[in-house]
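See below for the structure under consideration.
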Amino acid sequence: EAKSAGRDTLRLYTPVLEERLAERIALGQALRRAVPEGQLRLHYQPLVDRAGACIGYEALVRWQHPERGLLAPGAFIALAEATGLIDEIGLWVLEQACSQLAAWRDVPAFAPLSVAVNVSAAQLRHPEVVEQIAAVLRRSGAPAARLTLELTESMLQQDVEDGVRKLRALRALGIGLALDDFGTGYSSLSYLKRLPLTTVKIDRSFIRHIDADGQDEAIARAIVGLATTLGLRVVAEGVETQAQFERVAALGCEAFQGYLFGRPQPLADVAA
Ligand code: C2E
Ligand code: MG
Ligand code: MG
Ligand code: MG
Numbered sequence: 462e463a464k465s466a467g468r469d470t471l472r473l474y475t476p477v478l479e480e481r482l483a484e485r486i487a488l489g490q491a492l493r494r495a496v497p498e499g500q501l502r503l504h505y506q507p508l509v510d511r512a513g514a515c516i517g518y519e520a521l522v523r524w525q526h527p528e529r530g531l532l533a534p535g536a537f538i539a540l541a542e543a544t545g546l547i548d549e550i551g552l553w554v555l556e557q558a559c560s561q562l563a564a565w566r567d568v569p570a571f572a573p574l575s576v577a578v579n580v581s582a583a584q585l586r587h588p589e590v591v592e593q594i595a596a597v598l599r600r601s602g603a604p605a606a607r608l609t610l611e612l613t614e615s616m617l618q619q620d621v622e623d624g625v626r627k628l629r630a631l632r633a634l635g636i637g638l639a640l641d642d643f644g645t646g647y648s649s650l651s652y653l654k655r656l657p658l659t660t661v662k663i664d665r666s667f668i669r670h671i672d673a674d675g676q677d678e679a680i681a682r683a684i685v686g687l688a689t690t691l692g693l694r695v696v697a698e699g700v701e702t703q704a705q706f707e708r709v710a711a712l713g714c715e716a717f718q719g720y721l722f723g724r725p726q727p728l729a730d731v732a733a
């Protein structure tokens, strides 16, 4: 009887789980074709200085799925990591961003702009990642100093020493290194000291209520103070209103990103 009850319970769950699993497998198979079939897109979101002038962009990947339309990274990056496709996708993103930087290099109005690219934990674990990134830079002719890699705290949970060694090698090439979504992960403070960072990005969860919540403001103030003392540049993410901008600028933050200044969009739209 217990057995049949168990079976009934299973019957309730199985079709849903099976459907989800089948969906995931289908999405993974479609993702395998995304790079070779040219279905990935890069959108660029501006970063601005205290005067509101554009100083660069963050490159954010999208997938133009043949049936489901334009997918945000939240719909496929975790799957790319789980299936190992992230290495190929990450290199594609880096190549696009670097060829953009190379094209801007000789245009005086664009030459000072930098581009930030997100790198996931799985990519950093690839044994050849440093050589791969160095090769993309060389082939493209992009100035390394205009490229920033955005990392998250989760990326170093597995082998910190290996990660630190690779990041030092990347930093030695002249590439900037930003700690993304700062304040949301673990061991934040020790990473600030251990990693060869150039930039810290305050997570948008602290910016969202910064003009109304004294605790969020206190956290943002502490992050800006600490990072500045350590010689790091601070970027505030997710700035949506003028009030948020003024509040975080008053804390001494130097660079800002968010819908107030521009949404991620294709480069043709950005240039216009
Ligand atoms: P992230 O690196 O923290 O990027 C910022 C995310 O916040 C982007 O979402 C951006 O569209 C969104 N955002 C920017 N300003 C605002 C704002 O004012 N308000 C709100 N509500 N949101 C804002 P998106 O493009 O969906 O990307 C999500 C995440 O996916 C990124 O978070 C990054 O972790 C990851 N990702 C994006 N592109 C890549 C990539 O090429 N490789 C890897 N490994 N991860 C990527
Ligand atoms: Mg980022
Ligand atoms: Mg971020
Ligand atoms: Mg974020």
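Count along the sequence shown from 1, then add 461; that gives the number in full-length UniProt numbering.
Beta carbons are placed, not taken as given, at the ideal position from N, Cα and C, and that holds for glycine.
| query | DSSP on A541, reduced to helix/strand/coil? | reply | On the sequence shown, position 80 is the one that residue 541 refers to. If DSSP states are grouped into helix, strand and coil, A541 belongs with the helices.
| Within the structure, which residues are defined as neighbours of ligand 2 by a Cβ-heavy atom distance below 5 Å, reported in chain order? | N579, E611 and D641
| Separation of T475 from A463, as counted between CA atoms | Looking up residue 463 in the sequence shown gives position 2. Looking up residue 475 in the sequence shown gives position 14. Low local confidence applies: a pLDDT of 44 at A463 is under 50, so the model's placement there is unreliable, with the coordinate-based value given in what follows. Taking the straight line from one Cα to the other gives about 18 Å.
| Under the three-state reduction of DSSP, which class applies to Y518: helix, strand or coil? | Along the sequence shown, read from residue 1 onward, the residue named residue 518 stands at position 57. Y518 falls in the strand class under three-state DSSP.
| request: Drop a sphere of 10 angstroms on the beta-carbon of H504, count the other beta-carbons inside from all chains shown, and report buried for 16 or more, exposed for fewer. | output: Working through the sequence shown from its first residue, we reach residue 504 at position 43. Flag for H504 reads buried.
| message | Using C-beta distances below 7 Å, list every residue in its chain close to L712, excluding the 5 sequence neighbours before and after it, in chain order. | response | Within the sequence shown, numbered from 1, the residue matching residue 712 stands at position 251. So the qualifying residues of the chain are A681, R682 and V685.
| said: Measuring only the C-alpha atoms, how far is I663 from V695? | reply: As a position in the sequence shown, residue 663 is number 202, starting the count at 1. As a position in the sequence shown, residue 695 is number 234, starting the count at 1. Distance from the CA of I663 to the CA of V695, rounded to the nearest whole angstrom, comes to 7 Å.
| task | Please list, in chain order, all residues of the same chain as D677 whose beta carbon is under 6 Å from its beta carbon, the five residues on each side excluded. | result | Counted from its first residue, the sequence shown places residue 677 at position 216. Here the set comprises F667, H670 and I671.
| So the beta strand (DSSP E) D641 belongs to, where does it begin and stop? | By one-based count along the sequence shown, residue 641 stands at place 180. Run containing D641: G637 to F643, per the beta strand (DSSP E) assignment.
| Reference Q584, options S560, E542, G489 and F537, closest by Cα | Numbered from its first residue, the sequence shown carries residue 584 at position 123. Of S560, E542, G489 and F537, the residue nearest in Cα terms is E542.
| Length of the line joining the Cα atoms of R502 and E528 | Residue mapping note: residue 502 aligns to position 41 of the sequence shown, counting from 1. Residue mapping note: residue 528 aligns to position 67 of the sequence shown, counting from 1. Taking the straight line joining both Cα atoms gives about 16 Å.
| Roughly how many whole angstroms lie between the Cα atoms of A596 and C559? | The residue labelled residue 596 in the question sits at position 135 within the sequence shown. The residue labelled residue 559 in the question sits at position 98 within the sequence shown. Approximately 11 Å, taken between the alpha carbons.
| query | Is the beta carbon of E614 within less than 7 Å of some heavy atom of ligand 6? | reply | Although ligand 6 was asked about, the structure shown includes only ligand 1, ligand 2, ligand 3 and ligand 4 as ligands.
| Cβ separation of T645 and L693, assumed to be a contact under 8 Å, to the nearest whole Å | Position 184 of the sequence shown holds residue 645. Position 232 of the sequence shown holds residue 693. Going by Cβ atoms, the distance from T645 to L693 rounds to 17 Å, so no, they are not a contact pair.
| Is it buried or exposed for P507, if we count other Cβ within 10 angstroms and need 16 for buried? | In the sequence shown, residue 507 corresponds to position 46, counting from 1. By the 16-neighbour rule on beta-carbons within 10 angstroms, P507 is buried.
| request: Report the residue from F706, I547, L488 and P573 whose alpha carbon sits nearest the alpha carbon of A603. | output: Walking along the sequence shown from the start, residue 603 turns up at place 142. Selected option, being the one with the closest Cα: P573.
| request: Taking only runs that begin and end inside the region 583-646, name each unbroken beta strand (DSSP E) of 3 or more residues, in chain order. | output: Counting whole runs of 3 or more residues, the region 583-646 contains the beta strand (DSSP E) stretches 608-612 and 637-643.
| Where does S601 land, buried or exposed, given buried means 16+ other C-beta within 10 angstroms? | The residue you call residue 601 lines up with position 140 of the sequence shown. Buried, by the Cβ-count rule.
| request: May I have the straight-line CA-CA distance separating A577 from I550, to the nearest angstrom? | output: As a working note, residue 577 is residue 116 in the sequence shown. As a working note, residue 550 is residue 89 in the sequence shown. The alpha-carbon atoms of A577 and I550 are separated by roughly 15 Å.
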